[in-house]
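**Student:** Order-wise, the sequence lines are chains A and B. Counting with the numbering used here, you get residues 1 to 249 for the letters of the first sequence. Counting with the numbering used here, you get residues 250 to 664 for the letters of the second sequence. The C-beta atom is built at its ideal place from N, Cα and C for all residues, glycine as well. Predicted model only: the values in this text are computed from it and were never measured.
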Amino acid sequence: MLRIENLHVDVEGKRILHGLSMTVPSGEVHAIMGPNGSGKSTLSYVLAGRGGYDVIEGTATFDGQDLLAMEPEERAAAGVFLAFQSPVELPGVGNATFLRTALNAIRRGRGESEYDAMQFLKIVRGKMAALGMKDEMLKRGVNEGFSGGEKKRNEMLQMALLAPKIAILDETDSGLDIDALKLVADTVTAMRGPAFSALVITHYQRLLDHIVPDRVHVLSAGRIITSGGPDLALKLEAEGYAGVVKAAA
Amino acid sequence: MTAMTTGAAGFAARYAGLRDQLPGARIAAVAALRAAGATHFGATGFPTRRAEAWKYTDLASIAQSAFAEPLIAIDAAVVLPPETGATRAVFVDGRLRPDLSSHAGSVGADPAAATSGIADPALPMVALNAMLFEDGVLLDLPAGTDGGTFDLVSATDAQAVAFHPRHVIRLGAGATLLLIERNTSAPGVGVLHNPVFEIDLGAGARLTHLRLNTEAPEAFHLATIAVRCAAGATYDSFALNLGAKITRNEMHVALNGIGAAAHLNGAQLLDGARVCDTSTYLDHAAPGCASRQTYKTVLAGRSRGVFQGKILVRQIAQKTDGYQMNQSLLLSEEAEMDCKPQLEIYADDVKCSHGATIGALDEEALFFLRSRGIPKDEARILLVEAFVQDAIAQMPEEPARDAVRAVLARSWKAA
Numbered sequence: 001m002l003r004i005e006n007l008h009v010d011v012e013g014k015r016i017l018h019g020l021s022m023t024v025p026s027g028e029v030h031a032i033m034g035p036n037g038s039g040k041s042t043l044s045y046v047l048a049g050r051g052g053y054d055v056i057e058g059t060a061t062f063d064g065q066d067l068l069a070m071e072p073e074e075r076a077a078a079g080v081f082l083a084f085q086s087p088v089e090l091p092g093v094g095n096a097t098f099l100r101t102a103l104n105a106i107r108r109g110r111g112e113s114e115y116d117a118m119q120f121l122k123i124v125r126g127k128m129a130a131l132g133m134k135d136e137m138l139k140r141g142v143n144e145g146f147s148g149g150e151k152k153r154n155e156m157l158q159m160a161l162l163a164p165k166i167a168i169l170d171e172t173d174s175g176l177d178i179d180a181l182k183l184v185a186d187t188v189t190a191m192r193g194p195a196f197s198a199l200v201i202t203h204y205q206r207l208l209d210h211i212v213p214d215r216v217h218v219l220s221a222g223r224i225i226t227s228g229g230p231d232l233a234l235k236l237e238a239e240g241y242a243g244v245v246k247a248a249a
Numbered sequence: 250m251t252a253m254t255t256g257a258a259g260f261a262a263r264y265a266g267l268r269d270q271l272p273g274a275r276i277a278a279v280a281a282l283r284a285a286g287a288t289h290f291g292a293t294g295f296p297t298r299r300a301e302a303w304k305y306t307d308l309a310s311i312a313q314s315a316f317a318e319p320l321i322a323i324d325a326a327v328v329l330p331p332e333t334g335a336t337r338a339v340f341v342d343g344r345l346r347p348d349l350s351s352h353a354g355s356v357g358a359d360p361a362a363a364t365s366g367i368a369d370p371a372l373p374m375v376a377l378n379a380m381l382f383e384d385g386v387l388l389d390l391p392a393g394t395d396g397g398t399f400d401l402v403s404a405t406d407a408q409a410v411a412f413h414p415r416h417v418i419r420l421g422a423g424a425t426l427l428l429i430e431r432n433t434s435a436p437g438v439g440v441l442h443n444p445v446f447e448i449d450l451g452a453g454a455r456l457t458h459l460r461l462n463t464e465a466p467e468a469f470h471l472a473t474i475a476v477r478c479a480a481g482a483t484y485d486s487f488a489l490n491l492g493a494k495i496t497r498n499e500m501h502v503a504l505n506g507i508g509a510a511a512h513l514n515g516a517q518l519l520d521g522a523r524v525c526d527t528s529t530y531l532d533h534a535a536p537g538c539a540s541r542q543t544y545k546t547v548l549a550g551r552s553r554g555v556f557q558g559k560i561l562v563r564q565i566a567q568k569t570d571g572y573q574m575n576q577s578l579l580l581s582e583e584a585e586m587d588c589k590p591q592l593e594i595y596a597d598d599v600k601c602s603h604g605a606t607i608g609a610l611d612e613e614a615l616f617f618l619r620s621r622g623i624p625k626d627e628a629r630i631l632l633v634e635a636f637v638q639d640a641i642a643q644m645p646e647e648p649a650r651d652a653v654r655a656v657l658a659r660s661w662k663a664a
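Right, dumping it as structure tokens:
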């Protein structure tokens, strides 16, 4: 279970999150919707442990562990996965090398044995086939020269391989065509189960047509102003953020 | 007791005492070469930073060190790089060891081979080498032959020797060779390795020259590589510098025939207070020649990197295609990189470009890798290797790339 309480976060001296509280129980998919500048990306980065985000007050725990005290790689080993809005390109770092290094690091963290090159290839090829990815993408640099859709596929491949306990999808839908969107949704849906939860951060409702959330939270000016069931997303789509923000005020 | 040598005066005295015993003492041209070396080195000594070509690299620590004389042979056990099955010439303290080698040709046995004049005798370190060289590999490939792979190994025994090998490599028209130079030295000992290469490539010949420098952290490595390319010849080089306290790789490549090409690439991984200086001089002296240079430097600790790259395009050298790229990755606030590109162009129809970047590890890339569970140190290694890969990828032959990667991987594991 992810539990965030009264989280205040500064970026470069400017307060972005103003006392955000929410809980994502194990097995549930929650959506966070909010206008631009409401703090959506800040929340995802602060949970994943990126530098430059100063936690002024509040806590974030995952399965009882203090996330904010952990290094990014420790959070990953604990089961936290962030799907990036714009994944970086790493020319010269082979995608296969990267995926195997990551998977083995996570397995080490869980006390499991590492995969050798052959075992790894067998597993990764199976996952890639399910995502409609060509073998050739293993040989290229990580995301090097990938289209927007290919980068998101690669993110989904990492998520499927690393099998996190909670996936945070930071506007993974931005810039995606309908096929890629469905692919993201299908990958998340396939992972749904009692031991997996997801936090889907999005500006638009359309992703939520494909990943139906258990709960929807509206983020505005750095705090959750209202929460509800899946129909809250539809209401937002119909009335716009302005109406909902005003009603909550 | 072993006599020790210190400073320019010490080397001059040593030459004065030994000149009648050095190889080629009775060959007029060799004696003249040595005498000219003594005159030049006597005038300059170890160059100081007041000399423009040495502005960024201080040799004071070498000039003040005491070195043993390799003429007094000590048959201590030496650690050699693993056999690769290639033809091999092993030099210990700068002398060919026939018992460890499958190649017999040596400059020690044929010192007149050192009088080609390909290396400028007025350069201070070439002059010192001319005074005191005893041996070196002599490699003659007849026209049209494929020499395969040749391992040139340099190792030292437990003494802090100064040695000055003179290597002569001549490829006839259309001949090809992969030369892998593996430079090692005894741990904990401050040797001075001052090799001079004179490389003569006939028309259409192709030499790939790898320099894998893994000498001890106390060693000094000052190499001069002088290359002459006839029409259509290609000199392809890659230097991987992972050792030595001070390294200077000074390369002089003359593209003398139409359509000749030089590819000078390299990578250095520096830590502690190490210094690595790459100074290249490309002389485009014929039309339609191409030169490509890609150097990558990774600097940690208080290390210092130097890149000086001069491209001279003579008036006759129309349609020259020259490219030079120097990229550096600073891993510490105290590390320093000095970079000086220099283009001197007298022809009007040429394409010449140079670029230099100096930066830190990309924080976003580092965070991305860590967010996937990869520990910080492992993530840094992946990114540093990726940075260096680009230079390695410039080499066309897979075996050459593999040889560099193998040494790189071993060094990272040991670090």
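Give the DSSP bridge partners of B:C601, in chain order.
**Tutor:** B:G571
**Student:** Return the first residue and the last residue of the beta strand (DSSP E) that B:D587 is part of.
**Tutor:** E585 to I594
**Student:** Starting from B:R276, trace the beta strand (DSSP E) in both directions and tell me its first and last residue.
**Tutor:** Correcting the residue type first, residue 276 of chain B is Ile in the shown sequence and not Arg. Note, B:I276: premise wrong, no beta strand (DSSP E); not H, not E.
**Student:** Have a look at A:L17, A:R3 and A:M33 and flag the residue whose alpha-carbon is nearest the alpha-carbon of A:K235.
**Tutor:** A:M33
**Student:** Rounded to whole angstroms, what's the CA-CA distance from B:I565 to B:V402? Just pull it up for me.
**Tutor:** 39 Å
**Student:** Quick one: residues in its chain with C-beta nearer than 6 Å to the C-beta of A:M133, no 5 flanking neighbours on either side, listed in chain order?
**Tutor:** Hits under 6 Å: R153.
**Student:** Check the C-beta distance from A:G49 over to A:P72 and give it rounded, since I have them as a contact under 8 Å.
**Tutor:** 4 Å
**Student:** For A:K198 and B:A549, I'd like the C-alpha separation in whole angstroms.
**Tutor:** Looking at the sequence provided, one finds Ala at residue 198 of chain A rather than Lys. Each residue's Cα considered, the two are about 40 Å apart.
**Student:** Give every residue of the same chain whose Cβ lies closer than 6 Å to the Cβ of B:G521, excluding the five residues on either side of it in the sequence, and list them in chain order.
**Tutor:** G550
**Student:** Name the residue from A:V29, A:V11 and A:L17 whose alpha carbon lies nearest to the alpha carbon of A:I168.
**Tutor:** A:V29
**Student:** Quick one: residues in its chain with C-beta nearer than 8 Å to the C-beta of A:D177, no 5 flanking neighbours on either side, listed in chain order?
**Tutor:** G149
**Student:** Check each residue of the stretch 291 to 321 of chain B: if its Cβ is closer than 8 Å to any Cβ of chain A, include it; give the result in chain order.
**Tutor:** Hits within the stretch: zero.
**Student:** So with Cβ pairs under 9 Å, would you call A:V93 a contact of chain B?
**Tutor:** yes
**Student:** Can you name, in chain order, every residue of its own chain whose Cβ lies under 6 Å from the Cβ of B:L461, other than the five neighbours on each side?
**Tutor:** R431, L489 and V656
**Student:** Which whole-angstrom value describes the C-beta separation of A:A76 and B:S620, a residue pair presumed to lie in contact below a C-beta threshold of 8 Å?
**Tutor:** Indeed, because the Cβ distance is near 6 Å, the residues count as touching under 8 Å.
**Student:** Could you give the distance in angstroms between the alpha-carbon of B:H512 and the alpha-carbon of B:Y572?
**Tutor:** One alpha carbon belongs to B:H512, the other to B:Y572, and they sit about 10 Å apart.
**Student:** I want to verify the contact list: residues of chain A whose CB lies under 9 Å from the CB of B:D639, in sequence order.
**Tutor:** Annotation: Cβ neighbours of B:D639 in chain A (cutoff 9 Å, chain order): P91 and G92.
**Student:** Compute the Euclidean distance between the alpha carbons of B:G451 and B:T425, then round it to the nearest angstrom.
**Tutor:** 10 Å
**Student:** What's the gap between the Cα of B:T254 and the Cα of A:E112?
**Tutor:** One C-alpha to the other measures close to 59 Å.
**Student:** According to the neighbour-count rule (16 or more other Cβ atoms, all chains shown, within 10 Å of its Cβ), is A:Q85 buried or exposed?
**Tutor:** Answer is buried; the Cβ neighbour count reaches 16.
**Student:** Could you tell me which residues DSSP puts in a beta bridge with B:T336?
**Tutor:** B:F399
**Student:** Starting from A:E5, trace the beta strand (DSSP E) in both directions and tell me its first and last residue.
**Tutor:** If you look at A:E5, you'll find it in the beta strand (DSSP E) that goes L2 to V11.
**Student:** Is there a Cβ of chain B sitting closer than 9 Å to that of A:I106, yes or no?
**Tutor:** yes
**Student:** Report the residues of the stretch 29 to 51 of chain A with a CB closer than 8 Å to any CB of chain B, ordered along the chain.
**Tutor:** Cβ contacts with chain B: A48, G49, R50 and G51.
**Student:** For A:D60, which option in A:M159, A:R100 and A:A69 has the closest C-alpha, if you only look at C-alpha atoms?
**Tutor:** Per the sequence shown, residue 60 of chain A should be read as Ala rather than Asp. Minimum Cα distance to A:A60 is reached at A:A69.
**Student:** If we define contact as Cβ-Cβ less than 9 Å, is A:L162 a contact residue for chain B?
**Tutor:** yes
**Student:** Look at the Cβ atom of B:T543, then the Cβ atom of B:S577, and state whether they are nearer than 9 Å.
**Tutor:** no
**Student:** Is it right to say B:T297 is buried, meaning 16 or more other beta carbons lie within 10 angstroms of its own, or is it exposed?
**Tutor:** exposed
**Student:** Rounded to whole angstroms, what is the Cα-Cα separation between B:S351 and B:A516?
**Tutor:** 30 Å
**Student:** Quick check: the stretch 98 to 116 of chain A against the stretch 585 to 593 of chain B, are at least 3 beta-carbon pairs closer than 8 Å?
**Tutor:** no
**Student:** DSSP three-state label for B:T496, please.
**Tutor:** strand
**Student:** Out of B:P414, B:H501 and B:I630, point me to the one whose CA is closest to B:D342's CA.
**Tutor:** B:P414
**Student:** Figure out for me which residue from B:A535, B:S540 and B:L519 has the closest Cα to the Cα of B:T529.
**Tutor:** B:S540
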